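For reference, the structure is listed below as structure tokens.
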Amino acid sequence: MKRIHFLLFTVCCLLLAVFLWGCGSGPGSPGSTGSEDTGIIVDAQVIGRYQDTDGIYSVDAFQNVCSEGPPPVLEFFADHQATVTFTARLVNPSTTFQIGNLYIDKYTVEFRRSTDSIGAPPIESDKRFKTITITAPVGSGTTTLTDTLILVDLIRKVQYSNDMLSGRYGSGPAFINNYTAIFTFYGKNDFGKEFKIKTQMDFQIGDFDVC
Numbered sequence: 312m313k314r315i316h317f318l319l320f321t322v323c324c325l326l327l328a329v330f331l332w333g334c335g336s337g338p339g340s341p342g343s344t345g346s347e348d349t350g351i352i353v354d355a356q357v358i359g360r361y362q363d364t365d366g367i368y369s370v371d372a373f374q375n376v377c378s379e380g381p382p383p384v385l386e387f388f389a390d391h392q393a394t395v396t397f398t399a400r401l402v403n404p405s406t407t408f409q410i411g412n413l414y415i416d417k418y419t420v421e422f423r424r425s426t427d428s429i430g431a432p433p434i435e436s437d438k439r440f441k442t443i444t445i446t447a448p449v450g451s452g453t454t455t456l457t458d459t460l461i462l463v464d465l466i467r468k469v470q471y472s473n474d475m476l477s478g479r480y481g482s483g484p485a486f487i488n489n490y491t492a493i494f495t496f497y498g499k500n501d502f503g504k505e506f507k508i509k510t511q512m513d514f515q516i517g518d519f520d521v522c
């Protein structure tokens, strides 16, 4: 009798798992994994701080003098930030089971040179520890959260300018090259299930006038 009860319990668990997790439309942003296993699908989008008339995001890697003065006035020069927006929805909006919140604790940024900037200097990947909480949505609703990230920090901006001034690398006018920044966010939900969310953005880096 105990064996029959065990088999019935196992079958019920399998059917419940299919019901809960088999109704989704994928893991959210391409390259993301694990978030659908938490019962939540997350899409992410990153945008830069400065955008030109063609919609291209730019990163200024050279600090210029805005006014000779005295005293001289310099361009603002610091870590270049970006904005990330997460949009979360339930895999199964009809579920009656508790869905835990998602907790991001770190993210990485990988930089890839575009095909038109293959002769540009490599930019070292970055890793940042940051706490971001994505509250579980309810029913068919969505949860949207916006936060600030580091796209290219000051160390990498200075390294890029030094590389370009060395004459070892090619570029267009004003030392401008094109890259893709690939963001990967890592975290767990309330029940310890790990996930990662991936997204990317294209940008230019070089000598821009931001006075």
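All the letters of the sequence shown, read from the start, carry residue numbers 312 to 522 under this note's numbering.
Glycine is no exception: its CB is placed at the ideal position from the N, C-alpha and C atoms.
On a predicted model such as this, the values are computed, not experimentally measured, just so you know.
Check, Outcome
"Hey, out of 356, 407, 520, 395, whose CA is closest to residue 532's CA?", "The question about residue 532 has no answer, for the chain in this structure spans 312 to 522."
"Just checking my contact of residue 370 with residue 391 at CB under 8 Å: how many whole Å lie between their CB atoms?", "5 Å"
"Would you kindly work out how many angstroms separate the C-alpha atoms of residue 472 and residue 504, rounded to a whole number?", "41 Å"
"Does the Cβ of residue 387 have 16 or more other Cβ atoms within 10 Å, making it buried, or fewer, making it exposed?", "exposed"
"Please name the residue, chosen from 356, 375, 455, that lies closest to residue 485 on a Cα-to-Cα basis.", "375"
"Please check the pair residue 411 and residue 489, which I expect to be a contact at CB under 8 Å, by giving their CB distance rounded to whole angstroms.", "That belief does not hold up - the Cβ atoms of residue 411 and residue 489 are roughly 40 Å apart, past 8 Å."
"Could you tell me whether the stretch 351-358 touches the stretch 440-457, using the rule of 3 or more Cβ pairs below 8 Å?", "yes"
"Answer yes or no: do residue 462 and residue 512 have a C-beta to C-beta separation smaller than 9 Å?", "yes"
"Using the three-state DSSP reduction, which class does residue 453 fall into: helix, strand or coil?", "strand"
"What do you get for residue 515, buried or exposed, if any count of 16 or more other CB atoms within 10 angstroms of its CB means buried?", "buried"
"Within this structure, are the beta carbons of residue 498 and residue 414 separated by less than 9 Å?", "yes"
"If we cut at 9 Å on Cβ distances, does residue 353 have a partner in chain D?", "Looking at the structure shown, chain D is missing, and only one protein chain is on hand."
"Quick test of your reading: residue 453 and residue 495, contact by CB under 8 Å. State the CB separation rounded to the nearest angstrom.", "No, residue 453 and residue 495 are not in contact; Cβ-Cβ is about 22 Å, not under 8 Å."
"Inspect the beta-carbon positions of residue 469 and residue 372 and report whether they are closer than 9 Å.", "yes"
"With a threshold of 8 Å (Cβ to nearest heavy atom), would residue 382 be considered close to the ligand NAD?", "Because no ligand of any kind appears in the structure shown, any question about the ligand NAD cannot be addressed here."
"Would you tell me roughly how many angstroms separate the C-alpha atoms of residue 506 and residue 417, rounded to the nearest one?", "12 Å"
"From the DSSP output, read off the bridge partner residues of residue 423.", "491"
"Helix or strand or just coil, what does DSSP make of residue 486?", "helix"
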